[in-house]
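Contents: one structure, followed by commentary.
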Amino acid sequence: MLGEGGAGRRAFGTQNRTLWFWVFVGPFLLGLGVFTYVPLGWSVYLSFFDAHNTVTPSDFVGFGNYTEMLGNKAFTDSLWTFLLFSLFIVPTTFVLSLALALMVNRTRGAQAFFRSVFFLPAACSYVVAALIWKMSLFNGVRFGLANTVLGWFGADQTAWLSTTHPPWYWLVVVTVRLWLQAGFYMVLFLAGLQRISPRLYEAAAVDGARPGWQVLRHITLPQLRTTSVAVVLLLVINAFQAFDEFYNLLSDARGYPPYARPPLVYLYYTALGQGQNLGLGSAGAVILALIIAVVTVGQARWFSLGNKEG
Amino acid sequence: MNDDALVRVGRALRVALLIALALLFLIPFYLLVRNGLASEADITSPDWTFFPSTLHWSNVTELFDDSTVPFARSLLNSALIAVATTLGTLLLASLAGYGLARIPYRHAGKVFYAILGTLMVPAAVTFVPSFVLVSSLGWVSTLRGLIVPTLFSAFACFIFRQYFTGFPAELEDAARVDGLGYWRTYWRIVVPNSRPVFAAVGTIVFIGAWNSFLWPLVIGQDREAWTVQVALSSFTTSQVIRLHELFVAAAISIVPLLLVFLFFQRWIVAGVERSGIDD
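One line per chain: the protein sequences are P and S, in this order.
What the first sequence shows, in our numbering, is residues 192 to 501, in sequence order.
What the second sequence shows, in our numbering, is residues 17 to 295, in sequence order.
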């Protein structure tokens with residue numbers, strides 16, 4: 192194709208689709224290759240080597256890094272931390288954002304106002320949100336708002352971030368994410384709600400369905416199916432990436448506490464902390480990537496199985 | 017009670033609940049501004065008051081005069097990174113999306129799946145290998161290292177491809193009749209008629225770049241390469257915390273995004289709605 196007839200003039204003509212395809216897609220694909228595929232491959236390679244403080248591997252250790260990582264209680268604990276975190280945050284965010292969407296959708300007058308208020312936290316970074324939560328809302332000493340308000344009712348002061356029994360720090364970690372995320376997913380649900388044909392509701396009314404729970408269960412929720420699948424998928428992927436709020440809420444000048452380390456926080460300290468153990472960190476990254484791939488594919492399978500019935 | 021009364025009570029309850037939730041959602045913003053303008057004594061006072069006793073606008077000047085935290089520099093870095101990332105992503109991803117959607121090529125499907133596949137790997141998981149690559153390029157603590165690796169967003173490419181697949185063919189056919197090639201058709205016909213999707217993707221990318229934390233933390237090891245988020249974080253984890261400066265810095269850091277929200281909210285909403293949910 193490229194060398195066709197040696198007609199240089201025609202090489203850049205509309206007819207030469209292959210060439211034009213690569214002019215448009217090539218730069219992007221090249222960059223993606225260099226900055227995504229190469230690091231991935233390099234990471235797999237590096238995970239089989241001993242690489243302290245260096246990006247040039249020295250000694251081949253086989254699966255040594257993997258067995259060390261999987262035998263390390265701190266790392267497996269971080270996986271459990273993540274599991275607990277997502278088991279809680281995924282359904283909670285789902286229910287809250289759906290509830291917000293249902294309420295906002297039925298509000299006629301101030302719909303834009305409420306939508307904006309709930310969506311606004313999306314403009315904050317986790318760093319800023321964590322700062323407000325740690326230094327003002329859930330501060331351990333009495334100038335924190337939560338302790339001030341509880342103090343009006345005579346409650347004792349709580350050191351929210353350092354109390355592990357009961358695990359009050361979860362309350363702080365979870366509410367930050369709820370505040371930041373709920374509005375974003377509410378917008379997704381609102382979009383889904385507005386696509387439902389009013390005729391379905393009219394038909395339900397004719398059939399004698401009472402407005403409220405019956406309509407919600409038999410009309411609204413089934414119609415939101417595609418949106419719900421997407422929301423759950425995004426929530427799980429985002430939970431896997433939890434780093435910013437954990438790091439900013441819990442680390443301070445004295446370091447990071449041994450509890451509440453999700454996998455990324457753990458990898459960050461392994462690969463770039465004092466030891467700079469890049470081989471070990473790479474093995475952890477590969478393990479995490481594999482887990483995410485399995486979960487994502489499993490979830491997609493599971494949902495598409497359910498789809499066939501609907 | 018009859019049905020009518022029930023409906024009215026239900027509506028009143030719903031509105032009351034919405035207002036209560038809205039207030040809850042606004043409290044953190046209020047705390048940010050209140051503490052940003054309060055004196056340090058007011059912030060840490062055990063006798064908490066809704067309004068600080070006096071407003072300290074001098075917190076702003078104090079922040080920029082503080083030589084221990086290069087806040088002005090980090091603001092500039094963040095602005096440069098966010099703008100460059102947004103423009104670069106829009107250019108690269110829109111070209112690729114258009115090529116995938118509109119230029120017939122035998123292997124276009126395979127290329128598309130090669131790109132889509134990277135969406136499965138969360139960017140944050142690749143930070144260790146990416147750091148390895150960037151450091152072997154000698155790009156640690158450079159703006160290059162902060163910008164270039166983030167320019168190739170499979171997400172943005174995916175949205176552009178979906179959008180261009182549905183672009184009306186008549187417009188392009190007319191351009192073809194006028195003798196325009198792919199390149200000029202793209203710039204003169206397709207781009208000017210696709211402003212909403214560019215605005216939507218652009219705002220999403222801008223917000224992501226401004227708020228991103230892990231990558232700048234990993235790459236910005238020298239203070240000169242700090243972004244706003246890294247500077248704020250270093251404030252909270254440092255030994256000596258100047259709370260009033262910290263809060264005013266955080267408040268300043270969200271101003272650019274509030275402006276973006278004000279001007280582009282409907283694009284963001286449109287972009288969010290379009291981001292693959294419609295298939």
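No residue lacks a Cβ here, since even glycine has one placed at the ideal position from N, Cα and C.
In this text the structure is predicted, and so the values were computed from the model without any measurement.
Asked, Found
"When DSSP labels each residue in this structure, what does Phe251/P get in the three-state scheme?", "strand"
"Which residues in chain P sit within 8 Å of Gln281/S, going by Cβ to Cβ distance?", "Ser307 and Phe310"
"Have a look at Val193/S and Tyr179/S and give me their C-alpha separation to the nearest angstrom.", "23 Å"
"Have a look at Ile205/S, Ser90/S, Pro62/S and Val127/S and flag the residue whose alpha-carbon is nearest the alpha-carbon of Thr339/P.", "Pro62/S"
"Would you grab the beta carbon distance between Val244/S and Ser269/S for me? Rounded to a whole angstrom, and I think it's under 8 Å.", "5 Å"
"Which residues mark the beginning and the end of the alpha helix (DSSP H) in which Ile35/S is found?", "Asp19 to Leu53"
"Looking only at its chain, what residues have a beta carbon closer than 7 Å to the beta carbon of Ala491/P, apart from the 5 residues adjacent to it on each side?", "none"
"What's the C-alpha gap between Pro68/S and Glu56/S?", "10 Å"
"From Ala484/P, Leu481/P and Tyr438/P, pick the residue whose C-alpha is nearest to that of Leu322/P; which is it?", "Tyr438/P"
"Report buried or exposed for Phe304/P, applying the criterion of at least 16 other Cβ atoms within 10 angstroms of its Cβ.", "exposed"
"Quick test of the definition: if touching needs 3 or more C-beta pairs under 8 Å, does the segment 226 to 246 of chain S touch the segment 124 to 132 of chain S?", "no"
"Based on the DSSP secondary-structure assignment, which residues constitute the bridge partners of Asn468/P?", "His243/P"
"Closer than 7 Å, CB to CB, is Leu34/S near chain P or not?", "yes"
"Does Gly199/P have its Cβ less than 7 Å from a Cβ in chain S?", "At Gly199/P the pLDDT is 46, less than 50, meaning the model places this residue with poor confidence and gives no usable figure here."
"For the putative contact between Leu48/S and Ala190/S, defined by C-beta atoms under 8 Å, what is the C-beta separation to the nearest angstrom?", "Between Ala190/S and Leu48/S the Cβ distance is about 52 Å, and since that is not below 8 Å, they are no contact."
"Measure the beta-carbon distance from Asn75/S to Val213/S and round it to whole angstroms, keeping in mind my assumption that it falls under 8 Å.", "The pair is not a contact, with the Cβ atoms about 41 Å apart (cut-off 8 Å)."
"Please list, in chain order, all residues of the same chain as Phe143/S whose beta carbon is under 7 Å from its beta carbon, the five residues on each side excluded.", "Leu230, Trp231 and Val234"
"Would you say Arg492/P lies against chain S (beta-carbon separation less than 7 Å)?", "no"
"With 7 Å as the C-beta to C-beta threshold (strictly closer), list the residues of the segment 443 to 474 of chain P near chain S in chain order.", "Asp443, Ala444, Leu455, Leu458, Ala462, Leu463, Leu469, Gly472 and Ser473"
"If you draw a straight line from the alpha carbon of Phe279/P to that of Val364/P, how long is it in whole angstroms?", "11 Å"
"What is the rounded straight-line gap between the Cα of Phe334/P and the Cα of His243/P?", "44 Å"
"Let's see if you can read the secondary structure: which residues bound the alpha helix (DSSP H) around Cys173/S?", "Ala170 to Thr181"
"Any idea what DSSP makes of Asp435/P, helix, strand or coil?", "helix"
"Determine, using beta carbons only, whether Gly115/S comes closer than 7 Å to chain P.", "yes"
"Whose C-alpha, out of Val235/P, Ala373/P and Ala394/P, is nearest the C-alpha of Ser146/S?", "Val235/P"
"Examine the Cβ distances between the segment 193 to 212 of chain S and the segment 150 to 166 of chain S and report whether three or more of them are shorter than 8 Å.", "no"
"Let's test the definition: count the other Cβ atoms within 10 Å of the Cβ of Lys499/P and tell me whether it reaches 16, buried, or not, exposed.", "Any reading at Lys499/P must be qualified, since the residue scores a pLDDT of 46, below 50, and its modelled position is unreliable; the value itself is stated next. Classification of Lys499/P: exposed, given that the 10 Å Cβ count is below 16."
"DSSP three-state label for Gly300/P, please.", "coil"
"Taking DSSP as the reference, what is the three-state secondary structure of Asp189/S?", "helix"
"Going along the chain, which unbroken runs of the alpha helix (DSSP H) with 4 or more residues stay wholly within the segment 278 to 335 of chain P?", "302 to 310 and 317 to 323"
"Name the chain P residues that come within less than 7 Å of Gln245/S, Cβ to Cβ?", "Ser316 and Val318"
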